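In what follows, a structure is listed as structure tokens, so that the remarks can point back to it.
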Amino acid sequence: MDYQQPRPGCSHHQDTVTLTFPRRVMECVDICSTADRLGLSDNQVTALVSATLKAGGADLDKFVISTSTTRRNRMLTRYHISQEYMAAFSEDPPKYAALHWDGKMLKRCPGSDPGTTSETLAVLVSGPPAYPEGKLLEYQ
Numbered sequence: 634m635d636y637q638q639p640r641p642g643c644s645h646h647q648d649t650v651t652l653t654f655p656r657r658v659m660e661c662v663d664i665c666s667t668a669d670r671l672g673l674s675d676n677q678v679t680a681l682v683s684a685t686l687k688a689g690g691a692d693l694d695k696f697v698i699s700t701s702t703t704r705r706n707r708m709l710t711r712y713h714i715s716q717e718y719m720a721a722f723s724e725d726p727p728k729y730a731a732l733h734w735d736g737k738m739l740k741r742c743p744g745s746d747p748g749t750t751s752e753t754l755a756v757l758v759s760g761p762p763a764y765p766e767g768k769l770l771e772y773q
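Going by our numbering, the first residue of the sequence shown is number 634, and it counts up by one from there.
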């Protein structure tokens, strides 16, 4: 047996940790929100979560995980978050507000016809004291 030098201050730490995941792991709001913040595609999120579960020794057949499930749950999470923001804005609207909008022609997603563009519109509202930096209302 090879000698392993003990790590200072870590003698009480174990090499493994036991975690519990829900069967419908893709319904986790934290996973969906983090994936959106990082700009991950549905395929990338599904692959990452699957690899994480597999690395932990989980049987993937026991989980509800697929690209379409990921897509549906991300859309649902975005909807719920937007409803929370709209409710919070309605409860505490600014006394004076400014409405801002801007449109831009953007290239479509990779894999579509070259030169194909679509119009994108962002609408936000700003007003002190609650929203001095602005709050995004719509993005199409």
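The beta carbon of each residue, even a glycine, is placed where N, CA and C say it ideally should be.
Keep in mind that this is a model prediction, so the values were computed, not measured.
Segment limits, alpha helix (DSSP H) that includes residue i
{"i": "MET738", "result": "No alpha helix (DSSP H) holds MET738; the beta strand (DSSP E) holding it covers 731-740."}
{"i": "SER674", "result": "SER674 -> no alpha helix (DSSP H), and no H or E assigned at all."}
{"i": "CYS710", "result": "Sequence check: residue 710 is Thr here, not Cys. Looking at the DSSP string, the run of the alpha helix (DSSP H) that includes THR710 is 700-724."}
Candidates the options: closest to residue i by CA position
{"i": "VAL662", "options": "LYS768, LEU757 and HIS713", "result": "HIS713"}
{"i": "ALA668", "options": "GLY760, LYS768, ARG704 and ALA691", "result": "ARG704"}
{"i": "VAL707", "options": "TYR729, GLY672 and THR651", "result": "In the sequence as displayed, the identity of residue 707 is Arg instead of Val. Measuring from the Cα of ARG707, the nearest candidate turns out to be GLY672."}
{"i": "VAL650", "options": "ALA720, SER759, ALA688 and PHE696", "result": "ALA688"}
{"i": "GLU752", "options": "GLY760, SER759, LYS740 and LYS695", "result": "LYS740"}
{"i": "SER723", "options": "PRO655, TYR764 and ARG657", "result": "TYR764"}
{"i": "GLY767", "options": "LEU686, ARG670 and PRO727", "result": "PRO727"}
{"i": "TYR718", "options": "GLN647, ARG656 and LEU769", "result": "LEU769"}
{"i": "PHE654", "options": "GLN716, ALA691 and PRO762", "result": "ALA691"}
{"i": "ASP725", "options": "THR700, ASP648 and PRO762", "result": "PRO762"}
{"i": "THR685", "options": "GLN647, LEU652, ARG670 and SER674", "result": "LEU652"}
Bounding residues of the beta strand (DSSP E) (the contiguous stretch that carries residue i)
{"i": "GLU752", "result": "750-760"}
Neighbourhood of residue i by C-beta, 6 Å cutoff - its chain only, sequence neighbours within 5 removed
{"i": "THR702", "result": "MET659"}
{"i": "HIS733", "result": "LEU757"}
{"i": "ASP735", "result": "ALA755"}
Supposed contact pair residue j and residue i - C-beta distance, whole angstroms, cut 8 Å
{"i": "MET679", "j": "ILE664", "result": "What sits at residue 679 in the sequence shown is Thr, not Met. Not a contact, Cβ separation roughly 10 Å."}
{"i": "ALA720", "j": "GLY760", "result": "In fact, because the Cβ distance is near 17 Å, the residues do not count as touching under 8 Å."}
{"i": "MET738", "j": "THR749", "result": "That pair is no contact at about 10 Å."}
{"i": "SER683", "j": "THR710", "result": "Not really, about 19 Å apart at Cβ, beyond 8 Å."}
Sequence-distant residues of its chain with Cβ nearer than 7 Å to residue i (five each side left out)
{"i": "ARG656", "result": "LYS695, PHE696 and VAL697"}
{"i": "TYR729", "result": "GLY760"}
Residues of its chain near residue i, where Cβ-Cβ distance is below 8 Å and the 5 sequence neighbours each way are ignored
{"i": "THR700", "result": "ASP675, ASN676 and THR679"}
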